[in-house]
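**Student:** Before we start, here is the structure in question, set down as structure tokens.
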Amino acid sequence: MINLFFGKKNEKTKEQETIALNEKEIEKKKGQLGQRKKYSIADYETLLAPYINSYENLRLIDYVRETEIGDRQILLIRHDVDHDHLTAQKMAKWEYDHGLQTTYCLLHTAWYYGELQGDRIIHTTDLIDCAKRLYDLGHEINFHNNLVVTALKEKINPVKLLEQELEFFESIGVPVSGSSTHGDPLCRQLNFRNWEFFKECCDERFGGPRTVTLQKLGHSVEIALGEHSMFDFGLEYEAYDIVRDIYHTDSGGNLRIRQEVRGRRPFGRNDYSRGKVIGILTHPVWWNFDSYA
Numbered sequence: 074m075i076n077l078f079f080g081k082k083n084e085k086t087k088e089q090e091t092i093a094l095n096e097k098e099i100e101k102k103k104g105q106l107g108q109r110k111k112y113s114i115a116d117y118e119t120l121l122a123p124y125i126n127s128y129e130n131l132r133l134i135d136y137v138r139e140t141e142i143g144d145r146q147i148l149l150i151r152h153d154v155d156h157d158h159l160t161a162q163k164m165a166k167w168e169y170d171h172g173l174q175t176t177y178c179l180l181h182t183a184w185y186y187g188e189l190q191g192d193r194i195i196h197t198t199d200l201i202d203c204a205k206r207l208y209d210l211g212h213e214i215n216f217h218n219n220l221v222v223t224a225l226k227e228k229i230n231p232v233k234l235l236e237q238e239l240e241f242f243e244s245i246g247v248p249v250s251g252s253s254t255h256g257d258p259l260c261r262q263l264n265f266r267n268w269e270f271f272k273e274c275c276d277e278r279f280g281g282p283r284t285v286t287l288q289k290l291g292h293s294v295e296i297a298l299g300e301h302s303m304f305d306f307g308l309e310y311e312a313y314d315i316v317r318d319i320y321h322t323d324s325g326g327n328l329r330i331r332q333e334v335r336g337r338r339p340f341g342r343n344d345y346s347r348g349k350v351i352g353i354l355t356h357p358v359w360w361n362f363d364s365y366a
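As structure tokens, this is what we get:
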């Protein structure tokens with residue numbers, strides 16, 4: 074197994090432990106990720122052009138806290154950072170320079186995030202620097218949820234892990250108030266979605282509250298879905314709960330548009346004949362912002 078880490082730095086307390094990424098492996102990762110780029114800054118400008126001057130730009134957390142949007146036209150931009158936190162920071166700076174505030178979803182199973190040791194994650198200095206920079210630029214940090222998959226694969230308590238991660242972000246001055254589900258291959262294999270960890274999101278679409286089981290090396294691991302309320306963790310929304318009239322997504326590396334995307338909660342939009350919500354989802358891995366410092 075390739076070691077992405079030099080090792081632990083701060084050993085005073087568990088809360089202070091961090092690890093540093095191996096610089097050679099960072100460069101190797103940058104090269105690998107660079108081969109996947111499909112879209113340019115000009116493409117991003119084209120994507121935003123129909124909305125940039127006529128729609129009100131909000132972060133997801135700001136939108137879900139609205140009591141009623143009425144006839145307002147809202148633009149919601151979300152980025153699933155996944156494994157390319159370096160491009161994410163360049164996109165975030167570009168958006169800041171263009172007066173945009175967006176939502177960045179940080180994946181706790183990404184290579185740069187940290188190392189799972191026992192039942193807790195030791196975070197990297199890269200993650201801390203990235204989260205703080207995104208937040209300082211005015212963007213929202215969202216928890217990109219791969220909890221059920223992690224619990225099944227690693228035999229750990231997902232409740233404890235989520236609590237620890239939210240406490241970690243709070244400790245570095247980066248509040249997290251929302252989650253967004255990650256589409257891990259295991260989800261398709263076992264027919265569940267990570268959002269179903271929360272009872273507010275565990276509807277009948279995939280079977281409702283139930284137990285998912287992973288057979289692993291002669292034994293099985295079971296995780297109950299739909300037992301825990303997101304509100305008990307201080308979370309206010311799941312990103313896929315938001316209704317969008319038009320939804321641009323680059324999932325899989327292919328930009329496309331979906332119309333009238335349903336959600337589970339109305340938030341501040343009780344009359345869907347009024348107002349309009351545009352959603353844009355990008356994955357930085359597909360975007361080349363190298364020319365932007």
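Under my numbering, the first residue of the sequence shown carries the number 74, and numbering increases by one thereafter. No residue lacks a Cβ here, since even glycine has one placed at the ideal position from N, Cα and C.
(1) Thinking C-alpha only, which one of R317, I195, V232 is nearest G341?
(2) May I ask you to check if the CB of N126 is nearer than 8 Å to at least one heavy atom of the ligand SAH?
(3) Within the continuous alpha helix (DSSP H) that includes K103, where are the two ends?
(4) State the DSSP-derived secondary structure class of S417, mapped to helix, strand or coil.
(5) Go through its chain and collect everything with a Cβ distance to G336's Cβ below 8 Å, but skip five positions before and after it.
(6) Taking A183 as the reference, give the member of G348, F216, T355 with the closest Cα.
(7) With a CB to CB cut of under 7 Å and the five nearest residues on each side skipped, what residues in its chain are close to N219?
(8) Whose C-beta lies closer than 7 Å to the C-beta of L308 among residues of the same chain, with five residues either side of it excluded?
(9) Which residues in the same chain have their Cβ closer than 6 Å to the Cβ of T140, if we skip the five residues on either side of it in sequence?
(10) Give the straight-line distance between the Cα atoms of V137 and L149, rounded to the nearest whole angstrom.
(11) Take R193 and list the residues in its own chain whose beta-carbon comes closer than 6 Å to its own, dropping the five residues that flank it on each side.
(12) Report the residue from W359, G348, Y185 whose alpha carbon sits nearest the alpha carbon of S324.
(13) Relative to the C-alpha of F362, which candidate in L235, C274, A161 has its C-alpha closest?
(14) Please say whether L225 and I296 have beta carbons closer to each other than 9 Å?
**Tutor:** According to the structure data:
(1) What you label residue 341 is simply residue 268 of the sequence shown in a count that begins at 1. When only C-alpha atoms are compared, the closest one is R317.
(2) In the structure shown, the ligand SAH is absent, as is every other ligand, since no ligand is present at all.
(3) Start at 1 with the first residue of the sequence shown, and residue 103 comes out as number 30. Counted as a single uninterrupted DSSP element, the alpha helix (DSSP H) harbouring K103 occupies residues 96-107.
(4) Given a span of 74 to 366 for the chain in the structure shown, any question on residue 417 remains unanswerable.
(5) In the sequence shown, counting from the first residue as 1, residue 336 sits at position 263. Taken in chain order, the residues that qualify are Y313, D314, I315, V316, R317.
(6) Residue numbering aside, residue 183 sits at position 110 when the sequence shown is read from its first letter. When G348, F216, T355 are compared, the shortest CA-CA separation from A183 is found for F216.
(7) In the sequence shown, the residue the question calls residue 219 occupies position 146. If we look at N219 and ignore the five residues flanking it on each side, its Cβ neighbours are L180, H181, T182, H255, D257, N267.
(8) Locating residue 308 in the sequence shown gives position 235, counting from the first residue. So the qualifying residues of the chain are S250, G251, S252.
(9) Residue numbering aside, residue 140 sits at position 67 when the sequence shown is read from its first letter. Around T140: G341.
(10) Reading the sequence shown from its first residue, position 64 is the one you call residue 137. Reading the sequence shown from its first residue, position 76 is the one you call residue 149. The alpha-carbon atoms of V137 and L149 are separated by roughly 11 Å.
(11) In the sequence shown, counting from the first residue as 1, residue 193 sits at position 120. Taken in chain order, the residues that qualify are Q237.
(12) The residue given as residue 324 occupies position 251 in the sequence shown. Shortest Cα-Cα distance from S324 to any of W359, G348, Y185 involves W359.
(13) The residue given as residue 362 occupies position 289 in the sequence shown. Taking only the C-alpha atoms, the option nearest F362 is A161.
(14) On the sequence shown, position 223 is the one that residue 296 refers to. On the sequence shown, position 152 is the one that residue 225 refers to. Against a cut-off of 9 Å, the Cβ pair of L225 and I296 comes out as a contact.
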